[in-house]
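K.L.:
Okay, handing you the structure first.
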Amino acid sequence: MVAAIVKPGRIAYIAGMAVRDIIIHPDPRLKKVCAPVEEVDERIRRLADDMLETMYAAPGIGLAAPQIGVTRRLIVMDCAGKDEPPRPHVLVNPEIVWRSEETNVHEEGCLSIPGEYAEVERPAEVRVRYLDRDGQAQERHFTGLEATCVQHEIDHVNGRLFIDYLSPVRRRLITEKMKKLKRERARGKAKAAG
Ligand code: NI
Numbered sequence: 001m002v003a004a005i006v007k008p009g010r011i012a013y014i015a016g017m018a019v020r021d022i023i024i025h026p027d028p029r030l031k032k033v034c035a036p037v038e039e040v041d042e043r044i045r046r047l048a049d050d051m052l053e054t055m056y057a058a059p060g061i062g063l064a065a066p067q068i069g070v071t072r073r074l075i076v077m078d079c080a081g082k083d084e085p086p087r088p089h090v091l092v093n094p095e096i097v098w099r100s101e102e103t104n105v106h107e108e109g110c111l112s113i114p115g116e117y118a119e120v121e122r123p124a125e126v127r128v129r130y131l132d133r134d135g136q137a138q139e140r141h142f143t144g145l146e147a148t149c150v151q152h153e154i155d156h157v158n159g160r161l162f163i164d165y166l167s168p169v170r171r172r173l174i175t176e177k178m179k180k181l182k183r184e185r186a187r188g189k190a191k192a193a194g
């Protein structure tokens, strides 16, 4: 998800973190059902830290591993408002174990679909089971923006994007726009290199 929440000064709050390139739709890696993380080791922690840094730099409020080309079930998020202290979450192998019947409509965007936003209806609250950054089993109840965000990110590790909730016509239109954006960016890079 993207939000116009800029969090200056939060970049590189852990030494050695790196901003990775975010994959733009359409890309086969964004359509994959990702494999579970087998063990929360140093490599996974480093990956999670890079994902947080990439997300804060974008800026965004959530990021899933496939968006940086790693097709594993790992997501990060921070839905804190700009005047609140950071609230980073790392969720490994997240699984929704309960959904409210009540739904909510939020305007969603995606760092892999820059500049496009649409209203998506989802359960208003969810309960999620996951492993945290230390590999400890956790269960957490999400409400409001965090509920939308965590569902959007879990969709990513299942190869689903928010535009999959839209009409085929609208989805095709956005996809064509993104193809054009990718061609333009590729040309820009070629020019810079040449
Ligand atoms: Ni997204």
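Using the working numbering, read the sequence shown as starting at 1 and increasing by one per residue.
Glycine included, each C-beta is placed from N, C-alpha and C at the ideal position.
#1: Measuring only the C-alpha atoms, how far is V90 from P28?
#2: Indicate whether the contact test is met: 3 or more Cβ pairs, each with one atom in the stretch 54–74 and one in the stretch 149–163, closer than 8 angstroms.
#3: Less than 8 angstroms between CB atoms is the rule here; does K191 satisfy it with respect to chain C?
#4: Sorry if obvious, but does the Cβ on C110 come closer than 7 angstroms to a heavy atom of the ligand NI?
#5: Could you say which of P88, L74, Y130, I113 lies nearest to D164 if we only look at CA atoms?
#6: Kindly list the residues whose CB is nearer than 6 angstroms to the CB of V40, restricted to its own chain and excluding five residues on each side of it in sequence; keep chain order.
#7: Pick out the complete beta strand (DSSP E) segments inside the stretch 96–168, 3 residues or longer, and give them in chain order.
#8: Along the alpha helix (DSSP H) that carries L47, what are the first and last residues, could you check?
#9: When you compare each of I44, I68, R43 to I54 by their alpha carbons, which one comes out closest?
#10: Kindly confirm or deny that the stretch 67–84 and the stretch 167–186 touch, where touching means at least three C-beta pairs closer than 8 angstroms.
#11: For G144, which of K31, I75, N104 has the nearest alpha-carbon?
#12: Pick helix, strand or coil for M178, following the three-state DSSP scheme.
#13: Could you pull out every residue in the same chain whose Cβ sits closer than 6 angstroms to the Cβ of D21, ignoring the five residues on either side in sequence?
#14: Within a Cβ cutoff of 8 angstroms, which residues of the same chain sit near K31, ignoring the five residues on either side of it in sequence?
#15: What I want to know is whether the C-beta of H156 ends up closer than 7 angstroms to one or more non-hydrogen atoms of the ligand NI.
#16: Within 10 Å of its beta-carbon, does G109 have 16 or more other beta-carbons around it, so buried, or fewer, so exposed?
P.N.:
Reading from the atomic positions:
#1: Each residue's alpha carbon lies about 24 angstroms from the other.
#2: Output reads yes: the stretch 149–163 touches the stretch 54–74.
#3: As a matter of chain content, chain C is missing from the structure shown, which is built from one protein chain.
#4: Yes, since a heavy atom of the ligand NI falls inside the 7 angstroms radius drawn around the Cβ of C110.
#5: For the set P88, L74, Y130, I113, the Cα lying nearest the Cα of D164 is the one of I113.
#6: In its chain, beyond the 5 residues on either side, V92, L131, G135 have a beta carbon closer than 6 angstroms to the beta carbon of V40.
#7: With a minimum length of 3 residues, the continuous beta strand (DSSP E) runs that stay inside the stretch 96–168 are 103–110, 113–123, 126–131, 137–142.
#8: Here the alpha helix (DSSP H) through L47 covers 42–57.
#9: Looking at the sequence itself, residue 54 is Thr, so the reference to Ile does not match. Per the C-alpha coordinates, the member of I44, I68, R43 positioned closest to T54 is I68.
#10: Too few Cβ pairs lie closer than 8 angstroms, so no.
#11: From the listed residues K31, I75, N104, the smallest Cα separation to G144 is found for N104.
#12: If DSSP states are grouped into helix, strand and coil, M178 belongs with the helices.
#13: Nothing meets the Cβ criterion.
#14: Excluding sequence neighbours, K31 sits near G159.
#15: Indeed, a heavy atom of the ligand NI lies less than 7 angstroms from the Cβ.
#16: Of the other Cβ atoms in all chains shown, 16 or more fall within 10 Å of the Cβ of G109; this residue is therefore buried.
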